[in-house]
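Notes for the one structure printed next.
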Amino acid sequence: MFKSTGLVEICLMHPLDVVKTRFQIQRCATDPNSYRSLGESFQMIFQREGLFGFYKGILPPILAETPKRAVKFFTFEQYKKLLGYVSLSPALTFAIAGLGSGLTEAIIVNPFEVVKVGLQANRNKFAEQPSTMGYARQIIKKEGWGLQGLNKGLTATLGRHGVFNMVYFGFYYNVKNMIPVNKDTTLEFLRKFGIGLLSGTIASVINIPFDVAKSRIQGPQPVPGEIKYRTCFKTMAAVYQEEGILALYKGLLPKIMRLGPGGAVMLLVYEYTYSWLQENW
1 MFKSTGLVEI CLMHPLDVVK TRFQIQRCAT DPNSYRSLGE SFQMIFQREG
51 LFGFYKGILP PILAETPKRA VKFFTFEQYK KLLGYVSLSP ALTFAIAGLG
101 SGLTEAIIVN PFEVVKVGLQ ANRNKFAEQP STMGYARQII KKEGWGLQGL
151 NKGLTATLGR HGVFNMVYFG FYYNVKNMIP VNKDTTLEFL RKFGIGLLSG
201 TIASVINIPF DVAKSRIQGP QPVPGEIKYR TCFKTMAAVY QEEGILALYK
251 GLLPKIMRLG PGGAVMLLVY EYTYSWLQEN W
């Protein structure tokens, strides 16, 4: 169920992820290739790259989907159990368990993210860009497996997933426990969906500076052959100094449009599946 739900979510929402990445890697608003609005970005990609331009880099997240979701929710439960031996408030337990699950998840997904961002940044027509495996081999051949190659941007990915899951799980479970359960199944579903939607939205707003830094590090550098963006916090500082505070929030709208409802669906699938397994196993 996790796999099929995640696959549908990726296929439906991937165009927003492509647009988000494009916004995050563009540096100069006067560049004729830069996007000024969400509508313009969709129009320009469709006109110049065709319909399949919205699905560049889709294979890496599809391949990572099953291990990513399994690691996210399994480790969250394990960290919760471990934290049960420590005298912490439930609010803090959920947040720290979320942070731990996000950091663990980041290590798994980072190589896939490097390949995905590189493919999404390519503005050639879909048929003209390298294949996913071809691009991955190209990275390994030129830069290796390490922090300059297939694992570059790891610190930013750790920050992005750690912060997101900390807020995502922490906010969801704490707010859900504060709002009374509704006996009506439809209203109860809507209660959980609303809290999940809010959780994904707030987490996206808080963690997006890490997302921008990740895209800058993993995407094409401003000067070919010269590495400008290397580490997470130095990249954030450079973006802030050169482009202003709002540059750290580039791509926020498509990110929220994707992870707000997407995050709510994932939490609901997890909760209902987990409850069913507990009742039947």
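Numbering-wise, the sequence shown is residues 1 to 281 according to full-length UniProt numbering.
Virtual Cβ for every residue (Gly too), placed ideally from N, Cα, C.
Just checking my contact of L38 with P254 at CB under 8 Å: how many whole Å lie between their CB atoms?
The C-beta separation of L38 from P254 comes to about 6 Å, placing the pair in contact by the 8 Å criterion.
What residue from G200, K152, V18, Y249 has the CA that sits closest to Y172's CA?
The option with the nearest alpha carbon to Y172 is G200.
Could you give the first and the last residue of the continuous alpha helix (DSSP H) run that contains V265?
Start and end: 252-280.
Rounded to whole angstroms, what is the Cα-Cα separation between residue 302 and Q138?
Here the chain has residues from 1 to 281 only, and residue 302 is not among them.
Could you say which of M13, N151, A203, L99 lies nearest to Y55 if we only look at CA atoms?
Of the listed residues, the one whose Cα sits closest to Y55 is M13.
Does the structure place the stretch 48-64 close enough to the stretch 77-84 that three or more beta carbon pairs sit under 8 Å?
No: fewer than three Cβ pairs fall under 8 Å.
Three-state secondary structure (DSSP) at V86?
Three-state DSSP puts V86 in coil, outside helix and strand.
Residues near F76 by beta carbon distance below 8 Å, same chain, minus five either side:
Correct list, in chain order: A97, G98, G100, S101, N165, F169.
Let me know the alpha helix (DSSP H) ranges lying completely inside the UniProt repeat "Solcar" (1-82), each 4 residues or longer, listed in chain order.
Taking only runs of at least 4 residues, the alpha helix (DSSP H) segments lying wholly in the UniProt repeat "Solcar" (1-82) are 2-25, 38-49.
So A213 packs on M236, CB below 8 Å; how close in whole Å?
The Cβ separation is near 5 Å, so the contact holds.
To the nearest angstrom, report how far apart E243 and M44 are at their CA atoms.
Distance between the alpha carbons of E243 and M44 is about 23 Å.
Within the same chain, show all residues whose beta-carbon is closer than 7 Å to that of P111, passing over the 5 residues directly before and after it, in chain order.
Within the same chain, P111 has close Cβ partners L150, N151.
Need the endpoints of the alpha helix (DSSP H) that P224 sits in, please.
It is not in any alpha helix (DSSP H) - P224 carries neither H nor E in the DSSP assignment.
Among T132, C28, I108, F189, which has the Cα closest to the Cα of P67?
Minimum Cα distance to P67 is reached at I108.
Residue range of the alpha helix (DSSP H) that K176 falls in?
Judged by DSSP secondary structure, K176 falls within the alpha helix (DSSP H) whose first and last residues are 154-178.
Which of helix, strand or coil does DSSP assign to N124?
Judged by DSSP in its simplified three-state form, N124 adopts coil rather than helix or strand.
Under a three-way DSSP split, which group does D211 fall into?
Looking at D211 - three-state DSSP - the assignment turns out to be helix.
Following the continuous alpha helix (DSSP H) through residue 283, name the residue where it begins and the one where it ends.
Nothing can be reported for residue 283, as the shown portion of the chain is limited to 1 through 281.
Can you have a look at V181 and say buried or exposed, based on whether 16 or more other CB atoms are within 10 angstroms of its CB?
So V181 counts as exposed.
Which residues in the same chain have their Cβ closer than 7 Å to the Cβ of R27, if we skip the five residues on either side of it in sequence?
Within the same chain, R27 has close Cβ partners P222, E243.
Please report whether the beta-carbon of F76 lies at a distance below 8 Å from any beta-carbon of chain B.
The displayed structure is made up of one protein chain only, and chain B is not part of it.
If I follow the unbroken alpha helix (DSSP H) through Q241, where does it start and stop?
Element bounds for Q241: 232-243.
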